[in-house]
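Written below as structure tokens is the structure these notes are about.
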Amino acid sequence: MFRHGKPVSLASAACRARRAALSLTSRPAWRVALRPVLCLALCLVLAGLSPARAAERELVFGMSAAFTGPARGLGMEYYRGLMASFEHANAQGGAGGLRLVLSLRDDGYDPLPALANTIGFVEQERVFALLGYVGTPTTARVLPLLKHYEAEGMILLFPFTGADLLREPPYNSYVFNLRASYFDETRGVVEALVASGKRRIAVFHQGDIYGRNGWDGVRRALKGFGLSIVADVTYRRGAPYTQDFRQEVGLLMAAQPDAIVTVGTAPACAGFIRDARNAGLAAPIATLSFADADNLVKFLLAQGRVTGRDYTTELIFSEVVPSYDDPSLPAAKLYRQAMSQSHAALPAHLMREEYVPNRLSFEGFLAGQVLVEAVKRLGGAPTRAGLARVLLNQKNLDIGLGENINFEADHNQGLHQTYLMVYRDGGFQTLKPRHGVRP
Amino acid sequence: MRFRGLFARLLLFVVAAFGVMALATSLLSGRELNESMVREYEGRAVALARSIADGNTEILLSRNAGAIQAAIDLHQEMGGLSYILVLDPHGDVVAHTFAPVVPEEVMAIVREAPGKAHFGAGHETRTLILPGDVEVIHVAQPILGGKGGCVHIGLDKEPIRKAIRKAIFRQQMLTLGVFLAFVAVAFFFIRGITGPLRQLAAYAQRVANHDFTATCDVRSGDEIGSLAEAMRTMAGQISGHVTQLERSVAEATCELQDALGALSAIVGNIADGLLVVDADGVIVRHNPALLRMYGMEGQDIAGRNCAEVFGAQTGEVVTRSREESMGSAAVLHEVLATRPDGSQFPAEITVSRVALTDGPVQVCILRDISVAKKIEQEREQSRVLLERMVAERTRDLSRTNTQLKIEVAERKVVGDALRRAEAKFRGIFENAAEGIFQITPEFRYLSANPAMAHILGYDTPEDLIAELSVKSPYVEPNRRQEFLALMEESGRVQNFESQVRTRDGSVLWISENARKVVDNTGRVLFYEGFVSDITLRKQAENKLMHQAFHDSLTGLPNRLLFMDHLRMAMERARRRPNFRFAVLYMDLDRFKVINDSLGHDIGDQLLRHVAQALMACARSTDTVARFGGDEFAILLEDITAHRDAILFCRRVLEDIAQPMDLDGREVVTSGSLGIVLRTEAYERPEALLRDADTAMYHAKAMGKSRFKVFNKKMHTKALETMETEIALRRALDLNHELDELTLLYQPILDIKQGRLAGFEVLLRWRREGGREMLPGEFIPLAEETGIIYPLDYWVFAQACCAIREFDKALEARSPFGHQGFATNINISAKHFRSPMLVGHLEQTVRNCGVKPQSIALEITESVLLDNVGSATEVAAKIRELGLGLCIDDFGTGYSSLNYIQRFSVDAIKIDRDFVAGIGRAGEEGGSEAIINTLVTLGSGLRLKVVAEGVETVEQLNYLSSLGCRYAQGYLFAPALPESEALRLIQSGAAESWPDFPGRGKG
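Protein chains in written order, with the numbering used here: chain A, 1 to 439; chain B, 10001 to 11002.
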């Protein structure tokens, strides 16, 4: 998507449009409808006024994520990272002269709003591409829509999910994934657990595609060792931290597991860990990257302060990005610098916590950096097809992460390395990176 | 209540029948509904399972658990399923939607599935009870005949059960509604039948109780209607019978009671005794009178033997009569009855026989006839007495007859005397000079004497009576009523004066005196009175009246009448806001001249002529009055606009101005008119007239033959004038106290010799408050008001005293050297009309002891002009006295030289305006020529010529050069007080003026 116009007015117009979209559920429909129309009218008028100012062209990307509800931490942090990257690029004159703008809408980690948001992005805002969708069920529901918009070449860039569905036909051609898949992550976890002598592995997973995907990953990895899952329990998506998981813990404990892999969100996993530890289950518990280790630890630390015990021991966190504290990584350095300069242009009512460095935002930042690099190479006339071409054509892109990024036509995933961490002495420690394997 | 029972039974039956029907229907249909819906839901579950298994074959075969999970999540969400579970071909669970784990019940089915012989055959449906008492329809559907695994779904039965319950409930409600509607209809229907029956029953009940007032309203065409109709008819008939029966019984009873009552009353109250005895002589019945007759009151004799009670004789009569009276009517017996005490009385007994049911009885009526016998004796005695009285009365009557005959003879004598007297009075009546009449209150003449007939022009009293009884002779139609009213009020009428019409139509004044004549009961018989002809007296009175209110010369109303009319007009204006009137005041110009010159005859004719002219101009409603002299006043009443009054004035002035021929002389006159138009503000007629007069004076002052409408300014001016007049009069009357009036003396110089030749006396009035009044301001007023006479006399007297002092002073200086020294005193022209002037002057001069030669009188030309005749005479007398006469301001008026000669004037004065014109030939050419002429004239006629108002040396020199000898003015001296004037003379100014201008000191 491509616009001409004064930067200030366009930025504000876009901002207003965003706000209108975000408040979809709380405002009267006519006002919601009216604002974008007015903005659009203004934009068209302004576009007519100054057609020749190439330096002020901009690219708008649509992001639908959870900014409310239990999973809102994910959306916010990923957005922050993306914006930090965009602002960094825009501050230096844009990516190849193009100003990058992120338009965001809230789906509350619910598939149906995600679907509506996507239609809004494509048909009302006419964004250049979809970027940074967060969550497996939401993104999975959007995929058929991308097929629907195939004629327009609409693509989804770097969604925050490791689901297999995004990496397999028939939808893999509409999506570019940056992060390692859940299969990658579960394989890493299972290998590590088996290597440490654990044989009875149980799974606690979310009762939906994300959870089942993780479950499948664990199952497949165990199968490689001739093992199978000794027990599995599910929980309903959207479970808050306060939910009682003692029944689930009891069901798992009946199978006497010596390790548990959880596939869930931070509040659910934290709640499960809390009840498991309270029930005396001392076996190690592993989580996936989607569980947002920082957030999860925050829950557990708070709980620990209340009950006076340490819930953070015997926890293994699987991650798809290295530590942002690692001084040897130029990307981490840049991330911290950009974040400190970022104005975090998240709407005020969504911005409840102060910024702290976070793996999620780091991942968002990395995604933004990859996008910036790609846009830089787009040249004068940006198109979606052009962008896909650039992404596929650039080989061994180094964004200072220690792992080069490659996209291929039959393999749309940029990174494969996963990292296992533990929380020790008030901080995360990387056990060892596990180098990913391209299937 | 029987019918209430019928209603209840019928209703109960209907309700029970419908109830059973509805219950049966409801139960049956509920069961069928339940079964059909369960079948339907099971079918749906199977269809869902099949659609999941067949619709997602590809995903299910992919073994990608995530994709499978996504698919079944979608299906669960969309199909309202409670769970979906997918097994792989090995029977392992690939994906499911349970949380947290697959329940054991489901797992049991899953585990047995692969071992089943018919696994590949198709779906399998069963009902499961899951933990939490959730009943589900479980359907297992193999994928690809079991090669691709198996799909298990569970459909919660709870919603199904709920739907079924709801449907059944709805249906039962419907049945209940229909049932209730039926019951309601049945209720009304049954009530429609039993209600009239109940009414009929109640009706019959009431008829049975003889209540025939009851009605039955049941009317319908069915059997109940006919039943009701039949009952109504039946009840009507029964009612008729019963009522009639009851009535006849009541009537019979009533009659019997009446008869019985009457009978016992008769028996109890008859004076005769009643006795009923049976065949054996036993008393059956009797009445109280019988007992009274026998003196046995209170005893009961019934049942006793008759003979025993009343004695044998009576008993015998009673019983004996039995045989006699058998079959015939009553038998009468007379017996001597004996009372129990032994006394006897004659009695009459009537016995009759009556057959009763108990056997025949004797009914006897007994009458005590002792009283009747006694009365017969008394009657005989009375007859004898009466015969004796008749004889006595006859004697008395013959005596009275004799007396009456004597009286008749006496009356004849008195009647003759009366006739003689009447003849005497009739003579008076017939021959009286005054009319005498008798008249009824209805004005029918009873009699009238010949004088009365004569007065009213009738030949005989009979004519008069015949005619005037029909019509009233009075000119005024209501006069008869007034006469009657007076008569009824006081009983007499005195000097009742009225106009009557004689027989030939001429009108007379008569005076009537009459009185009422009444009979001794106070009834009016007639009025009688006298009539005298007072026509002559009336005429004389009217004439006097007219003279009192009219001017004799012109016949116009005089001031008195005018004021009366004016007052009435003002009254009217007050009552009627739109009533307007105007008041005019007219004075003839120069009437005095005409009167004096042509004689009073002509003057009177002129006034008559003017009066006629005014009358001709005025309307009949207006009042034209003469106030005496030549003053007229006109009251124009009821004018529509002010313009009317103005037009009237114009016409009057025009008419008057016409030359008229009076005794062969043509006389022309004119009038001045003053008008007051705004009459509404006035309270008093005098004020109105005064203002008209004021306006007239203004008109006159503006010139002759004019009219002037009175306005506010005039009023103000009149007020001022009045004030001034009062002040002036006061100043004059109290001059020795107030000292407001002073005399000043302005030197007159002989400019030829350069010495003082005399003074002019000038009057100064310093009014209260210090305001100086010049003579020009107040002298005209003084002349107008007549104050001028005392004022001038005062001035003259004062001046004479001063002149005597001057003379003394002059003589002191030089006894002979002051020939021609004279002091001029101004005298108003008015005096020349007054015959008093000369005498007064003479007296004053003599009193003061002053030489007449030292005094000259200054008069204005107009004096002479106005009044030539008398003025000449007066002037001559003044000259005879030795006083000098000087004409003031000569040359400004008519300047008739004739006057100078005729009045033997010895000095003239040149007006100050001419003197002021000296040396200014360019501006006011002619002054010098006039002065020159006057000086020449003066020297020619040997008159002293005095130039007034000399103020400059040039003027002096010029006058000197012309030969003008005398001059006065500020150049020499202003007017001086007496003391200074005297000092001037003492200082020798009369010989030589101390500082004579133009010649220097020498």
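From the three backbone atoms N, C-alpha and C, an ideal C-beta is built for every residue, glycine too.
Do you know offhand how far L431 (chain A)'s Cα is from P322 (chain A)'s? Stepping through the first sequence from its first residue, residue 431 (chain A) is reached at position 431. Stepping through the first sequence from its first residue, residue 322 (chain A) is reached at position 322. The alpha-carbon atoms of L431 (chain A) and P322 (chain A) are separated by roughly 11 Å.
Below 8 Å, how does it come out for the region 230-241 of chain A and the region 180-191 of chain A: are there three or more Cβ pairs, yes or no? no
Report the neighbours of L165 (chain A) on chain B: residues whose CB is nearer than 9 Å to its CB, in chain order. Position 165 of the first sequence, counted from the start, is the residue given in the question as residue 165 (chain A). Result: N10064, G10066, A10067, A10070.
Is the region 10930-10946 of chain B touching the region 10906-10915 of chain B, taking contact as three or more C-beta pairs under 8 Å? yes
Determine the burial state of P28 (chain A): buried for a count of at least 16 other Cβ atoms within 10 Å of its Cβ, exposed for fewer. Numbered from 1 along the first sequence, position 28 holds the residue referred to as residue 28 (chain A). Here the model assigns P28 (chain A) a pLDDT of 44, short of 50, so the residue's position is not dependable, and the following value carries that caveat. Per the 10 Å Cβ criterion, exposed.
Taking the continuous beta strand (DSSP E) assigned at N10513 (chain B), which residues delimit it? Taking the second sequence and counting its residues from 1, one reaches residue 10513 (chain B) at position 513. It spans 10507-10518 - the beta strand (DSSP E) in which N10513 (chain B) sits, taken as one unbroken run.
Checking 8 Å against the spacing of the C-beta atoms, do N10064 (chain B) and D216 (chain A) come in under that value? The residue you call residue 10064 (chain B) lines up with position 64 of the second sequence. The residue you call residue 216 (chain A) lines up with position 216 of the first sequence. Yes; because the gap between Cβ atoms is below 8 Å, this pair is in contact.
For V10218 (chain B), name the three-state secondary structure that DSSP assigns. The count along the second sequence starts at 1 and reaches residue 10218 (chain B) at position 218. V10218 (chain B) falls in the coil class under three-state DSSP.
Taking K10808 (chain B) as the reference, which of B:H10831, B:V10850, B:A10782, B:E10777 has the closest Cα? Position 808 of the second sequence, counted from the first residue, corresponds to residue 10808 (chain B). Of B:H10831, B:V10850, B:A10782, B:E10777, the residue nearest in Cα terms is B:V10850.
Scan the region 255-337 of chain A and note each continuous alpha helix (DSSP H) run of 4 residues or more that stays entirely inside, going in chain order. 266-278, 293-307
Taking beta-carbon pairs under 9 Å, can you tell me which members of the region 10084-10101 of chain B lie near chain A? D10092, V10093, V10094, A10095, H10096, T10097, F10098, A10099, P10100, V10101
By the three-class DSSP mapping on this structure, what secondary structure does H10600 (chain B) have? In the second sequence, residue 10600 (chain B) corresponds to position 600, counting from 1. Reduced to three states, the DSSP call for H10600 (chain B) is helix.
Going by C-alpha to C-alpha distance, which of B:T10742, B:T10724, B:I10137 sits closest to Y10041 (chain B)? Here residue 10041 (chain B) corresponds to residue number 41 of the second sequence, with the count starting at 1. Comparing Cα-Cα distances from Y10041 (chain B) to each of B:T10742, B:T10724, B:I10137, the minimum goes to B:I10137.
So what does DSSP say about M63 (chain A), is it helix, strand or coil? To locate residue 63 (chain A), count along the first sequence from 1; it is residue 63. In this structure, M63 (chain A) counts as strand in the three-state DSSP scheme.
What ranges does the beta strand (DSSP E) occupy inside the region 75-121 of chain A, keeping only unbroken runs of at least 3 residues that lie completely in it? 99-106
Any beta-carbon of chain B closer than 8 Å to the one on M421 (chain A)? Indexing the first sequence from 1 puts residue 421 (chain A) at position 421. It does not: the Cβ of M421 (chain A) has no partner Cβ on chain B nearer than 8 Å.
Mind pulling the chain A residues with CB within less than 7 Å of D10073 (chain B)? Counting from 1 along the second sequence, the entry for residue 10073 (chain B) is found at position 73. Simply D208, I209.
DSSP three-state assignment for S23 (chain A), whether helix, strand or coil: Numbered from 1 along the first sequence, position 23 holds the residue referred to as residue 23 (chain A). Reliability fails at S23 (chain A), whose pLDDT of 38 lies under 50, so the model's placement of it is uncertain and no value is given.
I need the DSSP call for Y10789 (chain B), collapsed to helix, strand or coil. The residue labelled residue 10789 (chain B) in the question sits at position 789 within the second sequence. Here Y10789 (chain B) sits in helix by DSSP.
Own chain, CB closer than 6 Å to R10580 (chain B), minus 5 neighbours either side, in chain order: Taking the first residue of the second sequence as position 1, residue 10580 (chain B) is located at position 580. Closer than 6 Å at the Cβ level, and outside the excluded window around R10580 (chain B), lie I10639.
Three-state class that DSSP yields for I10084 (chain B) in the structure shown: By 1-based counting over the second sequence, the position of residue 10084 (chain B) is 84. Strand.
Chain B beta carbons: is any one of them nearer than 8 Å to that of V190 (chain A)? As a working mapping, residue 190 (chain A) is identified with position 190 in the first sequence. Not closer than 8 Å to any Cβ of chain B, the Cβ of V190 (chain A) fails to qualify, so no.
Based on Cα-Cα distance, which residue from A:L401, A:F176, A:L281 lies nearest to R251 (chain A)? Position 251 of the first sequence holds residue 251 (chain A). Note that residue 251 (chain A) corresponds to Leu in the displayed sequence, not to Arg. If we check each option's Cα against that of L251 (chain A), A:L281 comes out closest.
Whose Cβ in chain B lies nearer than 8 Å to the Cβ of N213 (chain A)? Here residue 213 (chain A) refers to the residue found at position 213 of the first sequence. Within 8 Å Cβ-Cβ: A10065, G10066, Q10069.
Using three-state DSSP, classify T10716 (chain B) as helix, strand or coil. Position 716 of the second sequence, counting from 1, holds the residue named residue 10716 (chain B). In the structure shown, T10716 (chain B) sits in a helix (DSSP, three-state: H, G or I).
Could you tell me whether any Cβ in chain B is nearer than 8 Å to the Cβ of Q256 (chain A)? As a working note, residue 256 (chain A) is residue 256 in the first sequence. Not closer than 8 Å to any Cβ of chain B, the Cβ of Q256 (chain A) fails to qualify, so no.
Expressed to the nearest angstrom, what Euclidean distance is found between the alpha-carbon atoms of P10577 (chain B) and Y10458 (chain B)? For the purposes of this step, residue 10577 (chain B) is identified with residue 577 of the second sequence, where counting begins at 1. For the purposes of this step, residue 10458 (chain B) is identified with residue 458 of the second sequence, where counting begins at 1. Taking the straight line from one Cα to the other gives about 53 Å.
Pull the bridge partners of M10660 (chain B) from the DSSP assignment, please. Here residue 10660 (chain B) refers to the residue found at position 660 of the second sequence. Partner(s): B:V10667.
Neighbour list for T234 (chain A) in chain B, Cβ cutoff strictly below 7 Å: For this step, residue 234 (chain A) is matched to residue 234 along the first sequence. Those within 7 Å of T234 (chain A) in chain B are F10098, A10099, P10100.
Beta carbon of V10761 (chain B) nearer than 8 Å to that of T10844 (chain B): Position 761 of the second sequence, counted from the start, is the residue given in the question as residue 10761 (chain B). Position 844 of the second sequence, counted from the start, is the residue given in the question as residue 10844 (chain B). Cβ atoms of V10761 (chain B) and T10844 (chain B): not closer than 8 Å.
For the candidate residues B:A10582, B:V10874, B:G10603, whose alpha-carbon lies nearest to that of R10590 (chain B)? Position 590 of the second sequence holds residue 10590 (chain B). Answer by Cα proximity: B:G10603.
So is A10017 (chain B) in contact with chain A if we call contact Cβ pairs under 8 Å? Sequence index remark: in the second sequence, residue 10017 (chain B) carries index 17 (1-based). Not one chain A Cβ lies under 8 Å of A10017 (chain B).
Quick one: is E248 (chain A) near chain B, going by C-beta distance under 8 Å? Position 248 of the first sequence, counted from the first residue, corresponds to residue 248 (chain A). Answer yes: the Cβ-Cβ gap between E248 (chain A) and chain B drops below 8 Å somewhere.
Close-in-space but distant-in-sequence residues of the same chain around T10860 (chain B) (CB under 8 Å, 5 per side omitted): For the purposes of this step, residue 10860 (chain B) is taken as residue 860 along the second sequence, with counting starting at 1. A10829, I10887, D10888, D10889, G10893.
Closer than 9 Å at the beta carbon, the chain B residues around D110 (chain A): Sequence index remark: in the first sequence, residue 110 (chain A) carries index 110 (1-based). Neighbours of D110 (chain A) on chain B: none; closest Cβ ~12 Å, over 9 Å.
Residues near E10124 (chain B) by beta carbon distance below 6 Å, same chain, minus five either side: The residue given as residue 10124 (chain B) occupies position 124 in the second sequence. Here the set comprises A10140.
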